[in-house]
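At position 185 of the sequence shown (counting the first as 1) the number is 395 in my numbering, and the numbers step up by one without a gap. Reviewing the structure listed below.
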Amino acid sequence: MIYEFNGYKPVIHKSSFVHELAAITGNVIIGKDVYVGPGAAVRGDWGEIIINDGCNIQENCTIHVFPGKTVILKESAHIGHGAIIHGGKIGSNSLIGMNSVIMDDAEIGNECIVGALCFVKAKMKISNRKLVVGNPAIIKGNVSNDMLSWKAQGTKIYQQLPQECMQTLKKCKPLTKIPKNRPNRPA
């Protein structure tokens, strides 16, 4: 669902896909080839939220901000299932792991990997290409070229997903038996 709030209507590029069970509210700008999954809440009621080209916000993520502040997800940021971004800035080509929390005024550099269940405290600054883990978050090391390649491959799949959803996603009634001609996904 897309909601106007206090005179702000979300701006969503036509190449992006927002699932009908996601909620996008108010002062939100979504760039090209962005995927927003079901259950996600992107709430630009008090501040601005900018989601740049190629980002993905997976199922049950929450993005919100304090009054007068801005959340920025730079190009190709990858926000894993259930993550919360509350007033943070996420660098280009960075991955925020499942159920992680990024607090107010925290800054995640470019090409970082923040592990699942990580808690990045308010105002923490993480420089480019760092591997971050823990609760509270600590910098564990550097992101290797192999890690970055793995991340980029995963994000590329999500960048293709908006077009695939627009072409093939449709409501249906479930089958009661598995058909013999059921399509298979390649492994």
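The beta carbon of each residue, even a glycine, is placed where N, CA and C say it ideally should be. Here the structure is a predicted model, which means the values were calculated and not measured.
Practice prompt. With DSSP as the reference, please indicate the residues paired to Lys299 in a beta bridge.
Written response: Ile282, Glu317
Worksheet item: Which residues in the same chain have their Cβ closer than 6 Å to the Cβ of Val311, if we skip the five residues on either side of it in sequence?
Response: Ile294, Phe329
Practice prompt. Look at Arg253 and His229 and say whether their C-beta atoms are less than 9 Å apart.
Written response: no
Worksheet item: Buried or exposed: where does Val244 fall if 16 or more other Cβ atoms within 10 Å of its Cβ makes it buried?
Response: buried
Discussion item. My assumption, with CB atoms under 8 Å, is that Glu317 sits in contact with Lys299. Please give the rounded CB distance.
Written reply: 5 Å
Worksheet item: Which one or two residues does DSSP pair with Thr272 in a beta bridge?
Response: Ala251, Ile294
Worksheet item: Taking Ile260 as the reference, which of Pro393, Leu231, Glu269, Ser302 has the closest Cα?
Response: Ser302
Practice prompt. Consult DSSP for Asn266 and reduce its assignment to one of helix, strand or coil.
Written response: strand
Worksheet item: What residues in its chain sit with their C-beta under 8 Å from that of Asp314, if we drop five residues either side in the sequence?
Response: Val275, Phe276, Lys279, His296, Gly297, Gly298, Ala332, Lys333
Worksheet item: Looking at C-alpha atoms only, which residue of Lys219, Tyr213, Val246 is the closest neighbour of Met376?
Response: Val246
Fill in: With 16 other Cβ atoms within 10 Å as the buried cut-off, status of Pro220
buried
Practice prompt. State yes or no: is the C-beta of Gly264 within less than 9 Å of the C-beta of Gln369?
Written response: yes
Worksheet entry | In chain order, each beta strand (DSSP E) run of at least 3 residues that lies wholly inside the stretch 315–353 | 340–343, 348–352
Discussion item. Considering just the uninterrupted stretch of the alpha helix (DSSP H) at Ala362, what are its terminal residues?
Written reply: 355–378
Worksheet item: If you follow the beta strand (DSSP E) that Thr386 is part of, which residue opens it and which one closes it?
Response: First-last for Thr386: undefined, no H or E at that position.
Worksheet item: In terms of DSSP beta bridges, what is Gly257 paired with?
Response: For Gly257, which the question treats as bridged, DSSP gives no partner whatsoever.
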